[in-house]
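Enquirer: The structure follows.
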Amino acid sequence: MNRPAEAGHGAPLLKVDYVHADSPATLLAPADTLAVLGFGDAAPHHFDDPRYLHVPLQPHAGVAPYEVWRTGEPVEHGRDGEIAWASNGELAFGAIEVAEDADGLVAAAAHAYERLTHFVQASATPHLLRIWNYLDAITQGDGDAERYRQFCIGRARGLGAFDPTMLPAATAIGRCDDARVLQIYWLSAAAPGTPVENPRQISAYRYPRAYGPQPPSFARAMLPPTAQRLPLLLSGTASVVGHASQHADALMAQMDETFANFDSLLGAARQSQPALPATFGAGTRLKVYVRDRGDLELVAGAMQARFGTQVPYIVLHAAICRHELCVEIDGVHSA
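Numbering (the working numbering), first residue to last: 39 to 373.
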């Protein structure tokens, strides 16, 4: 198994930027590039570098910038079976894609999480900070047969024994291309981060039985091990207060509620890291997931009205994990 075993030098650094480019090749050329994400049909679906990942979510206006992760230190990269990886010994990017077969989504999620858990734990960066999960038809099915609930069962099964208070930040979003392939990518570190919960919300891992037999397994945000050099990692956040959805199918009201949740979450994070800005600004990067394709323009306009050019963001067409939710937002935040 070919993977880096020695930690890098100094405190880890991560910079996340949205960059327009004709090809990911120019973005992958620097030795410190940890990952490059391309969104939608306009981005290459395949590229001969394990640091590149095509994300099958269509952006507003058909074209989005690439998302680029840089570390300030040389990165090694390779493949280990199903897993593509890159690492500088302090931080690591990884990705796995698992096709659903006759055994269904539970088995696919369990396999993916068992594989990534074993890989990460055996590496120089054994602490998961952040995970993204993209799966098809996320709200299809009734009751406990709903696919998001099935995914949660498989995810927990693959994680094995875990302390829910130390779970990573995460996003689980529905891809809209009818491809029954579970795509997961992550950020891990040599040192553990500090999970952050939102005072306005019940921790997802404490959700009542009404949301399924296995509560979702993630933290609302993650303070990285070196908060001055890495951003606060924000989980997928929506119009949920306590554990209940607010403003069913009311897009603009849901956006306002979502940003109220972010205000609360930033306040909680600043209890541990007072240097974090209290509001989103130039050090923030946001991905906005929009349920209805026809609302992409409206949401892009609302983001422009709220932030102007101060906060870089990408607007993507994607299904949200509850039928009544129109929008979800995740991202990173730093000074």
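Built from N, CA and C at the ideal position, the CB exists for glycine as well.
Among Gly142, Val136, Ala122, Val365, which has the Cα closest to the Cα of Thr275?
Expert: Translated into positions along the sequence shown, residue 275 becomes position 237. That would be Val365, whose Cα lies nearest to the Cα of Thr275.
Enquirer: What would DSSP say about Thr203, mapped onto helix, strand or coil?
Expert: Against the sequence shown, residue 203 aligns to sequence position 165. DSSP places Thr203 in helix when its eight states are reduced to three.
Enquirer: Quick check: the Cα distance between Pro112 and Ile169, rounded to an integer number of angstroms?
Expert: As a position in the sequence shown, residue 112 is number 74, starting the count at 1. As a position in the sequence shown, residue 169 is number 131, starting the count at 1. The straight-line gap from Cα to Cα measures roughly 23 Å.
Enquirer: Which word fits Ala257, buried or exposed, when buried means at least 16 other C-beta atoms lie within 10 angstroms of its C-beta?
Expert: As a working note, residue 257 is residue 219 in the sequence shown. Ala257 is buried by the Cβ-count criterion.
Enquirer: Would DSSP call Asp333 helix, strand or coil?
Expert: Counted from its first residue, the sequence shown places residue 333 at position 295. Reduced to three states, the DSSP call for Asp333 is helix.
Enquirer: I'd like to know if the region 234-248 and the region 288-305 are in contact, where contact means that at least 3 CB-CB pairs between them fall below 8 Å.
Expert: yes
Enquirer: Where does Ala130 sit, in a helix, a strand or coil, going by DSSP?
Expert: Against the sequence shown, residue 130 aligns to sequence position 92. Note: Ala130 maps to strand in three-state DSSP.
Enquirer: Could you check whether the region 218-238 touches the region 191-209, counting it as contact only if at least three pairs of C-beta atoms, one from each stretch, sit closer than 8 Å?
Expert: Contact holds between the region 218-238 and the region 191-209, because three or more Cβ pairs, one in each stretch, are under 8 Å apart.
Enquirer: Alpha carbon to alpha carbon, how far is Leu72 from Gly78? Give it in angstroms, no decimals.
Expert: The count along the sequence shown starts at 1 and reaches residue 78 at position 40. The count along the sequence shown starts at 1 and reaches residue 72 at position 34. Each residue's alpha carbon lies about 20 Å from the other.
Enquirer: According to DSSP, is Leu270 helix, strand or coil?
Expert: Counting from one through the sequence shown, the residue named residue 270 turns up at place 232. Under the three-state reduction of DSSP, Leu270 is assigned to strand.
Enquirer: Using three-state DSSP, classify Asn171 as helix, strand or coil.
Expert: What you label residue 171 is simply residue 133 of the sequence shown in a count that begins at 1. Strand at Asn171.
Enquirer: Confirm, please, whether the CB-CB distance from Gln266 to Ser277 is below 8 Å.
Expert: Residue mapping note: residue 277 aligns to position 239 of the sequence shown, counting from 1. Residue mapping note: residue 266 aligns to position 228 of the sequence shown, counting from 1. Their beta carbons are not under 8 Å apart, which means Ser277 does not touch Gln266 by this criterion.
Enquirer: Helix, strand or coil: how does DSSP classify Ile15 here?
Expert: Residue 15 lies beyond the range of the chain shown here (39 to 373); nothing can be said about it.
Enquirer: Alpha carbon to alpha carbon, how far is Val74 from Gly212?
Expert: Sequence index remark: in the sequence shown, residue 74 carries index 36 (1-based). Sequence index remark: in the sequence shown, residue 212 carries index 174 (1-based). C-alpha separation (whole angstroms): 21 Å.
Enquirer: Determine the burial state of Pro94: buried for a count of at least 16 other Cβ atoms within 10 Å of its Cβ, exposed for fewer.
Expert: Taking the sequence shown and counting its residues from 1, one reaches residue 94 at position 56. Buried, by the Cβ-count rule.
Enquirer: Excluding sequence positions up to five away, which residues of its chain have a Cβ less than 8 Å from the Cβ of Ala217?
Expert: Looking up residue 217 in the sequence shown gives position 179. Residues Pro94, Asp174 of the same chain have their beta carbon placed closer than 8 Å to that of Ala217, with the five preceding and five following residues left out of the count.
Enquirer: Under the assumption that His361 contacts Val328 (Cβ atoms under 8 Å), give the Cβ distance between them as a whole number of angstroms.
Expert: Within the sequence shown, residue 361 is the residue found at index 323, counting from 1. Within the sequence shown, residue 328 is the residue found at index 290, counting from 1. Their Cβ separation, rounded to whole angstroms, is 15 Å, which puts His361 and Val328 out of contact at 8 Å.
Enquirer: Among residues of its own chain, excluding the 5 on either side of Tyr90, which ones have a beta-carbon nearer than 6 Å to its beta-carbon?
Expert: The residue labelled residue 90 in the question sits at position 52 within the sequence shown. Cβ neighbours of Tyr90 beyond the five flanking positions: Pro62, Val74.
Enquirer: Return the first residue and the last residue of the beta strand (DSSP E) that Gly116 is part of.
Expert: The residue you call residue 116 lines up with position 78 of the sequence shown. Segment 114-118, the beta strand (DSSP E) holding Gly116.
Enquirer: Enumerate, from N- to C-terminal direction, the unbroken beta strand (DSSP E) stretches of 3 or more residues contained entirely within the region 213-297.
Expert: 219-227, 232-234, 259-261, 270-275
Enquirer: So, Thr109 versus Leu66, is the Cβ gap smaller than 8 Å?
Expert: The residue you call residue 109 lines up with position 71 of the sequence shown. The residue you call residue 66 lines up with position 28 of the sequence shown. No, the pair does not count as a contact, with Cβ atoms beyond the cut-off.
Enquirer: Between the beta-carbon of Gly76 and the beta-carbon of Tyr104, is there less than 8 Å?
Expert: Translated into the one-based positions of the sequence shown, residue 76 becomes position 38. Translated into the one-based positions of the sequence shown, residue 104 becomes position 66. Yes, the Cβ-Cβ distance between Gly76 and Tyr104 is below 8 Å.
Enquirer: With a threshold of 16 other CB atoms inside 10 Å of the CB of Gly369, please say whether the residue is buried or exposed.
Expert: Taking the sequence shown and counting its residues from 1, the one referred to as residue 369 is at position 331. Buried.
Enquirer: Tell me the DSSP secondary structure of Ser310 in three-state form.
Expert: In the sequence shown, residue 310 corresponds to position 272, counting from 1. In this structure, Ser310 counts as helix in the three-state DSSP scheme.
Enquirer: If you count every other CB in all the chains shown that lies within 10 Å of the CB of Gln309, and 16 or more means buried, which is it?
Expert: For the purposes of this step, residue 309 is taken as residue 271 along the sequence shown, with counting starting at 1. Burial state of Gln309 is exposed, judged by a 10 Å Cβ sphere holding fewer than 16 other Cβ atoms.
Enquirer: Mapping the DSSP letters down to three states, classify Asp368 as helix, strand or coil.
Expert: By one-based count along the sequence shown, residue 368 stands at place 330. In the structure shown, Asp368 sits in a strand (DSSP, three-state: E or B).
Enquirer: Assuming Ile316 is part of the alpha helix (DSSP H), what are its boundary residues?
Expert: Here the question's residue 316 lines up with position 278 in the sequence shown. First, the residue type needs correcting, since residue 316 is Ala and not Ile in the sequence shown. Segment: none, Ala316 is in no alpha helix (DSSP H) and carries neither H nor E.
Enquirer: Out of His165, Leu271, Pro202, which one is the CA nearest neighbour of Arg244?
Expert: Here residue 244 refers to the residue found at position 206 when the sequence shown is read from its first residue. Ranking His165, Leu271, Pro202 by Cα distance to Arg244 puts Pro202 first.
Enquirer: What residue range is occupied by the uninterrupted alpha helix (DSSP H) comprising Val101?
Expert: Reading the sequence shown from its first residue, position 63 is the one you call residue 101. Neither: Val101 is in no alpha helix (DSSP H) and is coded neither H nor E.
Enquirer: Here's a check: name, in chain order, each residue in its chain whose Cβ is nearer than 6 Å to the Cβ of Gln96, leaving out the five neighbours to either side.
Expert: Position 58 of the sequence shown holds residue 96. Gly78, His355, listed in sequence order.
Enquirer: Looking only at C-alpha atoms, which of Asp70, His58, Ala69 sits nearest to Ala81?
Expert: By 1-based counting over the sequence shown, the position of residue 81 is 43. Answer by Cα proximity: His58.
Enquirer: Determine the direct distance from the alpha carbon of Val54 to that of Met260, and round the result to whole angstroms.
Expert: The residue you call residue 260 lines up with position 222 of the sequence shown. The residue you call residue 54 lines up with position 16 of the sequence shown. The straight-line gap from Cα to Cα measures roughly 15 Å.
Enquirer: Thr163: which of Ile352, Ala130, Gln188 sits nearest, CA to CA?
Expert: Looking up residue 163 in the sequence shown gives position 125. It is Ala130 whose Cα lies nearest to the Cα of Thr163.
Enquirer: State the CB to CB distance for the pair His115 and Leu272, rounded to an integer number of angstroms; the pair is presumed to be in contact (CB under 8 Å).
Expert: Position 77 of the sequence shown, counting from 1, holds the residue named residue 115. Position 234 of the sequence shown, counting from 1, holds the residue named residue 272. So it is not a contact: roughly 26 Å between Cβ atoms.
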